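Chemist: Mapping of the sequence shown onto the working numbering: position 193 corresponds to residue 174, and the numbering continues sequentially without gaps. Have a look at the structure that comes next, please.
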Amino acid sequence: MKKRLYLPGPVEVPDSVARAMSAPMINHRAANFGELFKRVSAGVQKLFQTQHDVYLYTSSGTGMWEAAIVNFLSPGDRVLSLVSGDFGVRWAKMADRFGLSVHRLESEFGRAVNPAEVQAVMEREGPFKAVFITHNETSTSVVNPVREVAQIARKHGALVMVDAISGLLVSDLPFDAWDLDVAMTASQKSFWAPPGIAALAVSPRAWEAHASSKMPRYFWDVSMAKTFAAKGQTPFTPPISLYFGIDEALKLIEAEGLPAIFARHEKLAMALRRGLQASGLELFVKHDAEASRGVTAIVPPDGLTPLEVRKALDADFGMVVAPGQGDLADKIFRIGHLGTVDAVDILAVIAALEVTLTKLGAKLRLGEGVKAAQQALLQA
Ligand SMILES: *Cc1c(COP(=O)(O)O)cnc(C)c1O
């Protein structure tokens, strides 16, 4: 049976990207790699909508949290960690290990960060050297108000560090216009490519903080990345095949254009929500405005576990959806819809879920979800 990935990363890789990755190796210290490196770096800069520096690392997304901590902070620095799900929990834990003084502000899971609370905490507990925020909290399927939080953090003189690992190409995140300091993403989510490359955007203010940062660092040292980037190189051997793939993916991304990509994710996310609700399913995130445009968490019908639903959907339709994470592992399952996802993918997963859940004994309104999603697509 044909497999269909509905994961919030890794995303399905377009055929032309997969083909580009099969090209023979080249010398990463030669001019032809330099041209490729510069073209890919410039393309990724456009995705962050920034004129500032962007660096590519051989890493999954998590490495960029560490790069942000060791390059721009010092042991003992006070940071405000905005925790709205499992990824926020993990980033804060990492900061603990590096000896930062971490103040956590937790949102109820399923809700977005509340800027008014951020403002109050910064006034009451500040000053903070940095604020950590997750753009798209993949674990709960929430999108956070990065722009508003960045404004508040700015007013209080804190660096704004944004985990945009699953959010960069899903919802607008203009690094310069929103005056962010550090933002990060990873290839398996926002570059329509396999895992293995992660990216770090760095503002001039972050560079100033780098000059006085006292964390030990080597692999993640952004000064070293800068020195080598000037020569069209990376300090260490890059994953050359991934550069070939991302070079091709960037052409597809450029051809569609960021505004159209954001609009597509918006339209499809809302059609999916309307469809699932009309089928009789419970969405984990209740408010449309706070709902991620790239992943949707669902509470299984009474009497069914997320694992049973996921197994049956895979067995019946080859559709691979994600479990919950951390404390939500037994409470939700998640449908990923980021990357090159289209309306057919959305209609198909609603139709398939209705069949599979009905077979499992859930009382769903068969066909109603597809109809509601069709109507939402017509209205969009
Ligand atoms: C996927 C993800 C990560 C972790 O990325 P890895 O590539 O698995 O290291 C971190 N934050 C968010 C929001 C994510 O979606």
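Glycine included, every Cβ here is placed at the ideal spot set by N, Cα and C. Everything numeric in this text was worked out from a predicted model, so none of it was measured.
#1: Could you tell me if Q360 is buried or exposed, where buried requires 16 or more neighbouring beta carbons within 10 angstroms of its beta carbon?
#2: Of all the options Y36, F109, K232, A357, which has the alpha carbon lying nearest to the alpha carbon of F209?
#3: Just the C-alpha distance for L249 and P281, rounded to the nearest angstrom, thanks.
#4: Give every residue of the same chain whose Cβ lies closer than 6 Å to the Cβ of P155, excluding the five residues on either side of it in the sequence, and list them in chain order.
#5: With DSSP collapsed to three states, give me the class of M205.
#6: Is it the case that the Cβ atoms of I178 and I7 are separated by a distance below 8 Å?
#7: Quick one, which of G66, G69, A164, V141 has its alpha-carbon nearest D34's?
#8: According to DSSP, is H84 helix, strand or coil?
#9: Which of the three DSSP states is assigned to A111 in this structure?
#10: Could you tell me the distance, in whole angstroms, from the CA atom of F217 to the CA atom of H9?
#11: Reducing DSSP to helix, strand and coil, say where A76 ends up.
#12: What does the Cβ neighbour count give for H268, buried or exposed, with the cut at 16 atoms within 10 Å?
#13: Taking the alpha-carbon of G317 as reference, which of D308, I327, L309 has the nearest alpha-carbon?
#14: DSSP state of E(-7), grouped into three classes?
#15: Would you identify the three-state DSSP class for A362, choosing helix, strand or coil?
#16: Need the endpoints of the alpha helix (DSSP H) that L61 sits in, please.
#17: With C-beta atoms as the reference, is L181 less than 8 Å away from V203?
#18: On the three-state DSSP scale, how would you describe P287?
#19: Can you name the start and end residues of the alpha helix (DSSP H) that D376 belongs to?
#20: Suppose the cutoff is 6 Å on Cβ atoms and the five residues either side in sequence are ignored; what does the same chain contact list for L231 look like?
#21: For a test of the three-state rule: what should DSSP assign to A179, helix, strand or coil?
#22: Using the Cβ count rule (16 or more neighbours within 10 Å means buried), how would you classify D(-4)?
#23: Hey, could you find the ends of the alpha helix (DSSP H) L359 is sitting in?
#24: Between the Cα of V325 and the Cα atoms of G305, D283, R245, which residue gives the shortest distance?
#25: Would you check if the distance between the CB atom of V83 and the CB atom of I114 is smaller than 8 Å?
#26: With distance defined between alpha-carbon atoms, name the residue in S62, G(-10), R(-15), K(-17) nearest to L276.
#27: For a test of your reading of the model: does the CB of S62 fall under 7 Å from any non-hydrogen atom of ligand 1? Yes or no.
#28: Compute the distance between the beta-carbons of M75 and E104, then report whether it is under 8 Å.
#29: Among G91, L86, R92, which one has its Cα closest to the Cα of A101?
#30: Rounded to whole angstroms, what's the CA-CA distance from G107 to L(-14)? Just pull it up for me.
#31: Spatial neighbours of L63 within its chain, please: C-beta separation below 6 Å, excluding the five flanking residues on both sides.
#32: Between M205 and the rest of its own chain, which residues show a CB-CB distance below 7 Å, the 5 nearest in sequence each way excluded?
Modeler: Looking at the coordinates:
#1: Position 379 of the sequence shown, counted from the first residue, corresponds to residue 360. So Q360 counts as exposed.
#2: Position 228 of the sequence shown, counted from the start, is the residue given in the question as residue 209. Of the candidates Y36, F109, K232, A357, the one whose C-alpha sits nearest the C-alpha of F209 is Y36.
#3: Residue numbering aside, residue 249 sits at position 268 when the sequence shown is read from its first letter. Residue numbering aside, residue 281 sits at position 300 when the sequence shown is read from its first letter. Going by the C-alpha atoms only, they are around 21 Å apart.
#4: Within the sequence shown, numbered from 1, the residue matching residue 155 stands at position 174. Cβ neighbours of P155 beyond the five flanking positions: Q30.
#5: Taking the first residue of the sequence shown as 1, we reach residue 205 at position 224. In the structure shown, M205 sits in a helix (DSSP, three-state: H, G or I).
#6: What you label residue 178 is simply residue 197 of the sequence shown in a count that begins at 1. What you label residue 7 is simply residue 26 of the sequence shown in a count that begins at 1. It is not a contact, given that the beta carbons lie outside the stated cut-off.
#7: Walking along the sequence shown from the start, residue 34 turns up at place 53. The residue with the shortest Cα to Cα distance from D34 is A164.
#8: The sequence position of residue 84 within the sequence shown is 103, counting from 1. Correct three-state label for H84: strand.
#9: Here residue 111 corresponds to residue number 130 of the sequence shown, with the count starting at 1. Three-state DSSP puts A111 in a strand.
#10: Indexing the sequence shown from 1 puts residue 217 at position 236. Indexing the sequence shown from 1 puts residue 9 at position 28. F217 and H9: Cα-Cα distance of roughly 9 Å.
#11: Along the sequence shown, one-based indexing puts residue 76 at 95. Three-state DSSP puts A76 in a helix.
#12: By 1-based counting over the sequence shown, the position of residue 268 is 287. Exposed.
#13: What you label residue 317 is simply residue 336 of the sequence shown in a count that begins at 1. Cα-wise, what sits closest to G317 is I327.
#14: In the sequence shown, residue -7 corresponds to position 12, counting from 1. E(-7) falls in the coil class under three-state DSSP.
#15: Since the first residue shown for the chain is -18 and the last is 361, residue 362 is missing from the structure and cannot be characterised.
#16: In the sequence shown, counting from the first residue as 1, residue 61 sits at position 80. Looking at the DSSP string, L61 is not in any alpha helix (DSSP H); the run it does join, the beta strand (DSSP E), is 59 to 64.
#17: Position 200 of the sequence shown, counted from the start, is the residue given in the question as residue 181. Position 222 of the sequence shown, counted from the start, is the residue given in the question as residue 203. A contact, by the Cβ cut-off of 8 Å.
#18: Position 306 of the sequence shown, counting from 1, holds the residue named residue 287. P287: helix per DSSP, three-state reduction.
#19: Outside the displayed span of the chain (-18 to 361) sits residue 376, for which this structure offers no information.
#20: Within the sequence shown, residue 231 is the residue found at index 250, counting from 1. Cβ neighbours of L231 beyond the five flanking positions: G24.
#21: As a working mapping, residue 179 is identified with position 198 in the sequence shown. DSSP places A179 in strand when its eight states are reduced to three.
#22: One-based indexing of the sequence shown puts residue -4 at position 15. So D(-4) counts as exposed.
#23: The count along the sequence shown starts at 1 and reaches residue 359 at position 378. Looking at the DSSP string, the run of the alpha helix (DSSP H) that includes L359 is 349 to 360.
#24: Numbered from its first residue, the sequence shown carries residue 325 at position 344. V325 has its Cα closest to that of R245, out of G305, D283, R245.
#25: Position 102 of the sequence shown, counted from the first residue, corresponds to residue 83. Position 133 of the sequence shown, counted from the first residue, corresponds to residue 114. No. Outside cutoff.
#26: Residue 276 sits at position 295 when you count from the first residue of the sequence shown. Before going on, a small fix: residue 276 reads as Val here, not Leu. Nearest option by C-alpha distance: G(-10).
#27: On the sequence shown, residue 62 is found 81 positions in, with the first residue counted as 1. The answer is no for S62.
#28: Position 94 of the sequence shown holds residue 75. Position 123 of the sequence shown holds residue 104. Contact flag unset, no.
#29: Reading the sequence shown from its first residue, position 120 is the one you call residue 101. When only C-alpha atoms are compared, the closest one is L86.
#30: Reading the sequence shown from its first residue, position 126 is the one you call residue 107. Reading the sequence shown from its first residue, position 5 is the one you call residue -14. Spanning the two alpha carbons is a distance of roughly 43 Å.
#31: To locate residue 63, count along the sequence shown from 1; it is residue 82. Taken in chain order, the residues that qualify are L86, V94, I114.
#32: Taking the sequence shown and counting its residues from 1, the one referred to as residue 205 is at position 224. If we look at M205 and ignore the five residues flanking it on each side, its Cβ neighbours are P216.
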